[in-house]
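In full-length UniProt numbering, the protein residues as written are 1 to 452. The structure appears right after this line, and notes come after that.
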């Protein structure tokens, strides 16, 4: 699979595009490309929307309103500009690109329908600005981190079901309060509601949480503040980018322990280069062992995690790198569209305020799994993550641990049943909506014929 690296900065250096098939020496001689212009992107503010186009929130120091840009893959200037009610920091989109979620500086979370630009939902999520967002791998849960030090988990099914929200004690599924300073990054593993999530904070810790039980599984203290996290494909370890220029490797597997006395428990090593400055963003390539890092010195480094060596180096140019995004090269899709004579157009701008009509927006918003996902592979990943947790309990060797394991499995079973029911309810809503639309359309045609 052909991949490209997209990198943005908090300074107006545009979004640089680096083809991994191009020799890096070309970029060093000719300078960093600025494929997509006019971009001042905050951390976690750059996203590919369903692979169809690029979106980024924008920093605007002198304004109280927000700004989000859309770029077509083959045009350098932003084609669509949206002006949300407040500045938006992190952005996240589902794999299909049907909706876009943004975190505001007030602590509110916004959910837009991409194809129409409608603001489907807005709610108060945090007391401080939202700093990072991610989705669970089945895309049913949204995880948010904020400047108030909280990490919260939200069921998107519940957020669109007003009846269930009224019955529930809280809007959120989990509210993790153990961080003492701003949350800088959050990532979710595989396994849907059974996954682990990892959060990083300016308190120099990364914390590993269980989505199934809401428990803190592991607290790891680092020598430096961690601003970026990337989980390895097997979930044996995660990589944490520090402000000291090092990328630390921390164990997720209970069987792996630190052999070094230089760092805290569970830190099993690091990768670094003497010229590295603060690491601001991390992302794995599809091969599972090539780790791409962005840093304050404006450099993009590709590391081989097996040898811990730099294998490629790309210069971004102006300013520190705030975002690294690895995506499939859009060239093949663009050529296919051109050969068929198709002309693609971007969706309309995002609405500033929610529709004031009484129409239930939840029935028209499709929130769920990617239909192209491999279900068998997902089951194997769930089993793999669960086995790692079971090994950790077995190592403790106590009856209390065994009892806790039984309770955890019961809770996971109950959660799975609830998710099945939620899917059924969503299907029923969508089915009824389609039936109503067909009936209305049929009645309209009948009236038109009679009047004629």
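Beta carbons are placed, not taken as given, at the ideal position from N, Cα and C, and that holds for glycine. All figures in this text were calculated on a predicted structure; none of them were measured in a lab.
Within a Cβ cutoff of 6 Å, which residues of the same chain sit near residue 82, ignoring the five residues on either side of it in sequence? 68, 349, 350
Whole angstroms are fine: how far does the CA of residue 58 sit from the CA of residue 99? 19 Å
Does DSSP put residue 207 in a helix, a strand or coil? strand
Segments assigned beta strand (DSSP E), at least 3 residues, entirely inside the stretch 167-245: 172-176, 183-188, 196-201, 205-210, 216-221, 226-231, 237-242
Is DSSP giving residue 39 helix, strand or coil here? coil
Nearest-angstrom Cα distance between residue 200 and residue 63? 29 Å
Under a Cβ-count criterion, where at least 16 other Cβ atoms within 10 Å of its own Cβ denotes burial, should residue 221 be classed as buried or exposed? exposed
May I ask which residues mark the beginning and end of the beta strand (DSSP E) holding residue 313? 309-315
Considering only residues of the same chain and omitting the five flanking positions on each side of residue 41, which have a CB-CB separation below 6 Å? 8, 56, 322, 323
At which residues does the alpha helix (DSSP H) containing residue 157 begin and terminate? 156-159
Taking one C-beta from the stretch 228-246 and one from the stretch 174-187 each time, how about it: are there three or more such pairs within less than 8 Å? yes
Between the C-alpha atoms of residue 218 and residue 208, what's the straight-line distance to the nearest angstrom? 5 Å
What residues match up with residue 113 in a beta bridge as DSSP calls it? 99
Distance between beta carbons of residue 137 and residue 85, contact taken as under 8 Å: Not a contact, Cβ separation roughly 30 Å.
By a C-beta neighbour count over all protein chains shown, 10 Å radius and 16 as the cutoff for buried, is residue 215 buried or exposed? exposed
Is residue 287 helix, strand or coil by DSSP? coil
Looking at the C-beta of residue 13, does it have a partner C-beta in chain D at a distance below 8 Å? In summary, chain D is missing from the structure at hand, where a single protein chain is found.
Close-in-space but distant-in-sequence residues of the same chain around residue 80 (CB under 8 Å, 5 per side omitted): 69, 70, 346, 347, 348, 349
Just curious, the beta strand (DSSP E) that residue 9 is in, first and last residue? 3-9
Which term fits residue 355, buried or exposed, when burial requires 16 or more other beta carbons within 10 angstroms of its beta carbon? exposed
Contact check, residue 135 vs residue 175, beta carbons under 8 Å: no
Suppose you measure from the CA of residue 109 to the CA of residue 161; what does that come to, to the nearest Å? 16 Å
What does the alpha-carbon distance come out to for the pair residue 131 and residue 179? 14 Å
Would you mind giving the Cβ-Cβ distance between residue 38 and residue 12, rounded to the nearest angstrom? I have them listed as a contact below 8 Å. 7 Å
Let me make sure I understand the geometry here. Which of 96, 77, 104 has the alpha-carbon closest to that of residue 90? 104
Would residue 241 and residue 282 be called neighbours here (beta carbons separated by less than 8 Å)? yes
Can the beta-carbon of residue 107 be found closer than 8 Å to that of residue 127? yes
Between which two residues does the beta strand (DSSP E) harbouring residue 18 extend? 16-19
Out of 168, 193, 117, 119, which has the shortest C-alpha to C-alpha gap to residue 142? 193
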